[in-house]
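First residue of the sequence shown: 8, per the working numbering; consecutive thereafter.
Cβ atoms here follow ideal geometry from the backbone N, Cα and C, with glycine treated the same way.
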Amino acid sequence: MVRNTPTVGEGLRNLVAHQHLNSSGSVPFLKETAGIVDFGVAIYETGITGFEQLFQTYMAAAMNYMSELCGSAWTPTAVFIPSAKPPDWTHHRHFLKVMPTFDAEFCALRFSAHWLRKAVTGADPAHFQVADRAVARAITPTLVQQTSRALRVLLLDGRSSGDDIAQALSMHRRTLNRRLRDEGTTFQSILDDVRFEVARQLISASRIALDDVAASLGYAGVSPFMRSFRRWSGMTPGEWRELSAPHKAKTGAPRSRVVHNPS
8 MVRNTPTVGE GLRNLVAHQH LNSSGSVPFL KETAGIVDFG VAIYETGITG FEQLFQTYMA
68 AAMNYMSELC GSAWTPTAVF IPSAKPPDWT HHRHFLKVMP TFDAEFCALR FSAHWLRKAV
128 TGADPAHFQV ADRAVARAIT PTLVQQTSRA LRVLLLDGRS SGDDIAQALS MHRRTLNRRL
188 RDEGTTFQSI LDDVRFEVAR QLISASRIAL DDVAASLGYA GVSPFMRSFR RWSGMTPGEW
248 RELSAPHKAK TGAPRSRVVH NPS
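Pasting the structure below:
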C-alpha cells in the first residue's frame, strides 16, 4: 500500500494509520513542524527488552522506507536514537548518512517537508486499490490497543489527558471511559502502563536526565514522576538505571513490583 501511493507523504500517512496490521507493540508517527518532518517509531507494549537493538532496527527500516519512496538522493538531516552512544558508531554513521544523536527522547529520522510532496516513482494505482480494499476488510484493533497507541504518540507532544485521547479517537470522554471499563480496564491504568514502559526504556537504554524523562511523560516536575515510578516498580529511577547498567547485565534486567496490575 505504501509503495503504491501517489506521493511520499500519503505513503507515510498510510503507514502510520495501518502499521498495526503488520505488527503490534510499537507505533510509527509523522510530525511536521515549520517545514521539518520527524518520521519515527515509539514502543508502547509493556515488558519489551532489547531497546537498543529495536531502536536501531527501526531506524534502519525507516531509512529503507525513505530510500525506496524517495530514491537514492534522499538523506536525513538528523537521526535521533533514544539509547546510549555505543563505543563504535562507524556503521551508524555510514548507514544513516549522518551522525545520529544518541540519548534522544524519541526515535526518528528528520528531513525537509518538501520530500512529502515528491511523487513515488513506479506507484501503481491498481495495486494501491487492491491494498486499500484489503485494509478496509482488516480487523480493527481493540480499544485498549487504540488507546495505548494514541497515548504513546500524544506523549511525544507532552499531552496525556483523557480528553486528549478521546479527541484523538473521535469519541466523547464518557464513551471512552465506559468502553474501556467494558474491556476490563481504565484510562488511568493504560496511562500508567504506557508511562512506565516509556520511563523504563529511557532509563534503561539511555543516560537521559531524569528531569527530561519526567517532562517527556507529561509530568510537571521530577518529584511526582519519581513517586509514580516507585509505585510502579518498587524502586527509584536511579536504582532501576543502576541495575540496568551494562556491568549489571549478567544479573538480568530489574524485575518491577508493579502495583497497578499492568496489562
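Length of the line joining the Cα atoms of residue i and residue j
| i | j | result |
| --- | --- | --- |
| residue 215 | residue 77 | 33 Å |
| residue 36 | residue 116 | 11 Å |
| residue 247 | residue 138 | 44 Å |
| residue 17 | residue 39 | 13 Å |
| residue 26 | residue 34 | 7 Å |
| residue 11 | residue 74 | 14 Å |
| residue 118 | residue 144 | 33 Å |
| residue 232 | residue 67 | 32 Å |
| residue 97 | residue 64 | 16 Å |
| residue 19 | residue 9 | 7 Å |
| residue 207 | residue 58 | 10 Å |
Buried/exposed call for residue i, threshold 16 Cβ in 10 Å
| i | result |
| --- | --- |
| residue 111 | buried |
| residue 191 | exposed |
| residue 230 | exposed |
| residue 142 | exposed |
| residue 197 | buried |
Range covered by the alpha helix (DSSP H) that runs through residue i
| i | result |
| --- | --- |
| residue 196 | 194-212 |
| residue 241 | Premise fails: residue 241 is in no alpha helix (DSSP H) and is neither H nor E. |
| residue 131 | Taken as a continuous stretch (DSSP letters only), residue 131 belongs to no alpha helix (DSSP H), as it is neither H nor E. |
| residue 151 | 150-162 |
| residue 183 | 180-189 |
| residue 49 | It is not in any alpha helix (DSSP H) - residue 49 instead sits in the beta strand (DSSP E) that spans 43-50. |
| residue 217 | 217-223 |
| residue 22 | 15-25 |
Nonlocal neighbours in the same chain, by C-beta distance under 6 Å from residue i, ignoring five residues either side
| i | result |
| --- | --- |
| residue 204 | 53 |
| residue 84 | 117 and 118 |
| residue 294 | A query on residue 294 cannot be resolved here, the shown segment of the chain reaching from 8 to 270 and no further. |
| residue 210 | 244, 247 and 248 |
Start-to-end residues for the beta strand (DSSP E) that takes in residue i
| i | result |
| --- | --- |
| residue 87 | 85-88 |
| residue 37 | 33-40 |
| residue 105 | Residue 105 -> no beta strand (DSSP E), and no H or E assigned at all. |
| residue 62 | Unbroken run through residue 62 is the alpha helix (DSSP H), 58-77; no beta strand (DSSP E). |
7 Å CB neighbourhood of residue i in its chain, flanking five on each side removed
| i | result |
| --- | --- |
| residue 126 | 13 and 14 |
| residue 120 | 39, 42, 43 and 44 |
| residue 104 | 82 and 83 |
| residue 149 | 190 |
Cut-off 8 Å between Cβ atoms - residues of its own chain near residue i, not counting five sequence neighbours on either side
| i | result |
| --- | --- |
| residue 114 | 47, 48, 49, 62, 65, 66, 87, 88 and 89 |
| residue 194 | 154, 169, 172, 183, 184 and 187 |
_Meets three-Cβ-pair contact criterion under 8 Å: the stretch 181-191 and the stretch 215-225_ = no
*asked:* Could you check whether the stretch 101-111 touches the stretch 82-92, counting it as contact only if at least three pairs of C-beta atoms, one from each stretch, sit closer than 8 Å?
replied: yes
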